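A.B. asks:
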Amino acid sequence: MGDCGFFENLRGRHLVLASGSPRRRQLLSQLGVDFDVRGAGDVDESFPAGMPAMDVAPMLARRKGIHYKDTVMLPDEVVVTADTVVIIDSEVLGKPVDEAEAKDMLRRLSGRTHEVVTGINVEWDGGSVCRSAVTRVTFAPLSDSEIDYYVNRFRPLDKAGAYGIQEWIGAVGVKHIEGSFYNVMGLPLHLLANMLKMVS
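Numbering follows my numbering, in which position 116 of the sequence shown is assigned residue number 927; successive positions increment by one, without gaps.
(1) For Asp847, is the classification buried or exposed, using 16 other Cβ atoms within 10 angstroms of its Cβ as the cut-off for buried?
(2) Using a Cβ-Cβ cutoff of less than 8 angstroms, which residues in the same chain neighbour Leu838 once the five nearest sequence positions on both sides are dropped?
(3) By the three-class DSSP mapping on this structure, what secondary structure does Gly831 have?
(4) Which complete beta strand (DSSP E) runs does the stretch 938-993 hold, if anything under 3 residues is left out?
(5) Give the range of the alpha helix (DSSP H) segment to which Asn1005 is assigned.
(6) Candidates Asp866, Val927 and Glu957: which alpha carbon is nearest Ala982's?
(7) Flag this pair as yes or no: are the beta carbons of Asn932 and Ala872 separated by less than 8 angstroms?
(8) In the DSSP output, what is Asp847 paired with across the bridge?
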């Protein structure tokens, strides 16, 4: 790869972000490394009903990484895969199927604290590492008109928990966070940077 910045261990490697998320692409660019973006492929994102909610995101990130490694990965590639979930009442909230479900999710989050968990998996020829980050997010009470406005205008159907903290709802509705802001966006950069340094 080109300029590696502080990641000298990646010299001679080709960094790939296997994700369709424009937010993850934007965030990874902040680490100052060259990378390509590719899809992770068609990966089953279901999980066992009895799985602890905190384990879901890293399990799915790992599954995506293994799928990429087993199907299209080249020997010089270092591949990053990720998955983000929202957890409330020990239940995983994924991406809403429609606007009605998005509004229901936001009503559940209104005035309460929930966890956002992002699992990250890094695969390379000869090794891999998988980790997760947790951020606690507290919403102020949201009115039905605020929820309707946000969902109708921003259509957050591609976002876990039906919201993007970097959007309008984050500005007016998020009262407090404990942990990484970037994690809530979908890619905890502090964690990923440390993981990339493990590539050998």
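Every residue, glycine too, gets a C-beta built ideally from N, C-alpha and C.
Because the structure is a prediction, the values reported are computed rather than measured.
C.D. replies: Let's see:
(1) Residue mapping note: residue 847 aligns to position 36 of the sequence shown, counting from 1. Exposed: under 16 other Cβ atoms inside 10 Å.
(2) Here residue 838 is taken as the residue at index 27 of the sequence shown, counted from 1. Here the set comprises Tyr993, Met996, Gly997, Leu998 and Leu1000.
(3) On the sequence shown, position 20 is the one that residue 831 refers to. Coil.
(4) 938-950 and 985-989
(5) Looking up residue 1005 in the sequence shown gives position 194. From DSSP, the alpha helix (DSSP H) with Asn1005 extends over Leu1000 to Leu1007.
(6) In the sequence shown, counting from the first residue as 1, residue 982 sits at position 171. Nearest of Asp866, Val927 and Glu957 to Ala982, Cα basis: Glu957.
(7) Residue numbering aside, residue 932 sits at position 121 when the sequence shown is read from its first letter. Residue numbering aside, residue 872 sits at position 61 when the sequence shown is read from its first letter. Contact: yes.
(8) For the purposes of this step, residue 847 is identified with residue 36 of the sequence shown, where counting begins at 1. Partner(s): Val827.
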